[in-house]
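The next block holds one structure in the form of structure tokens; read it before the comments.
Numbering (my numbering), first residue to last: 18 to 182.
Here is the structure:
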């Protein structure tokens with residue numbers, strides 16, 4: 018598969034953006050390649066185009082499947098595993114939000130609840146408990162918003178967004 022300059026730029030840009038979403042650059046680049054591919058790609062094809070190792074490719078493809086951003090495809094007559102990406106940007110955004118919520122926000126909320134249980138409610142810990150409560154309240158509100166976003170449809174999201182603007 019030969020890539021045009023524009024396709025290479027897209028893959029590079031998506032890889033850079035991916036680090037902001039909590040995924041590594043290679044995982045995002047593989048995702049970008051799958052997004053712009055008309056047909057499912059084998060791991061060998063991804064390795065060749067992106068010039069990355071088999072181990073790196075396999076690890077990141079597995080992660081994309083776990084995140085729900087890619088899926089394994091079977092091509093009759095071929096014994097290799099092929100992969101394709103979900104192309105609907107709305108589905109992609111919701112999957113990323115869901116995974117970030119699960120991997121980042123839920124552990125923070127759980128840690129704060131545990132800290133509150135362990136912290137004595139006395140004058141020495143008053144300031145700490147106030148900050149922990151503030152952070153927990155904020156985190157729960159963000160978690161609730163993300164949960165609504167993940168469960169919502171596209172029209173609901175745009176209606177809410179337009180009300181804000």
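The beta carbon of each residue, even a glycine, is placed where N, CA and C say it ideally should be.
Taking residue 70 as part of the alpha helix (DSSP H), name the residues at either end of that continuous run. If you number the chain shown from 1, residue 70 lands on position 53. Taken as a continuous stretch (DSSP letters only), residue 70 belongs to no alpha helix (DSSP H), as it is neither H nor E.
For residue 118, which residues from the same chain have a beta carbon less than 8 Å from its beta carbon, with the 5 sequence-adjacent residues on both sides left out? Taking the first residue of the chain shown as position 1, residue 118 is located at position 101. Excluding residues within five positions, the ones whose Cβ falls inside 8 Å are 160, 163, 164 and 167.
CA nearest to the CA of residue 59, picked from 45, 46 and 74: Working through the chain shown from its first residue, we reach residue 59 at position 42. Comparing Cα-Cα distances from residue 59 to each of 45, 46 and 74, the minimum goes to 74.
In chain order, which continuous runs of the alpha helix (DSSP H) of length 4 or greater are located wholly inside the region 132 to 181? 143 to 168 and 171 to 181
If you run the structure through DSSP and keep just helix, strand and coil, what is residue 188? Residue coverage of the chain in this structure runs from 18 to 182, which leaves residue 188 outside it and unanswerable.
Alpha-carbon to alpha-carbon, residue 63 and residue 56: Numbered from 1 along the chain shown, position 39 holds the residue referred to as residue 56. Numbered from 1 along the chain shown, position 46 holds the residue referred to as residue 63. So the alpha carbons of these two residues sit roughly 12 Å apart.
Please report the straight-line C-alpha distance between residue 45 and residue 68, rounded to a whole angstrom. For the purposes of this step, residue 45 is taken as the residue at position 28 of the chain shown. For the purposes of this step, residue 68 is taken as the residue at position 51 of the chain shown. Spanning the two alpha carbons is a distance of roughly 14 Å.
Contact between the region 111 to 125 and the region 137 to 151 (3+ Cβ pairs under 8 Å): no
Per-residue DSSP class, three states only, for residue 58: As a position in the chain shown, residue 58 is number 41, starting the count at 1. Note: residue 58 maps to strand in three-state DSSP.
Beta-bridge partners of residue 99, as assigned by DSSP: Along the chain shown, one-based indexing puts residue 99 at 82. In the DSSP assignment, residue 99 forms a beta bridge with 59 and 90.
In its own chain, which residues sit with a C-beta less than 8 Å from the C-beta of residue 78, not counting the 5 before and 5 after it? Here residue 78 refers to the residue found at position 61 when the chain shown is read from its first residue. Here the set comprises 47, 60, 63, 87 and 100.
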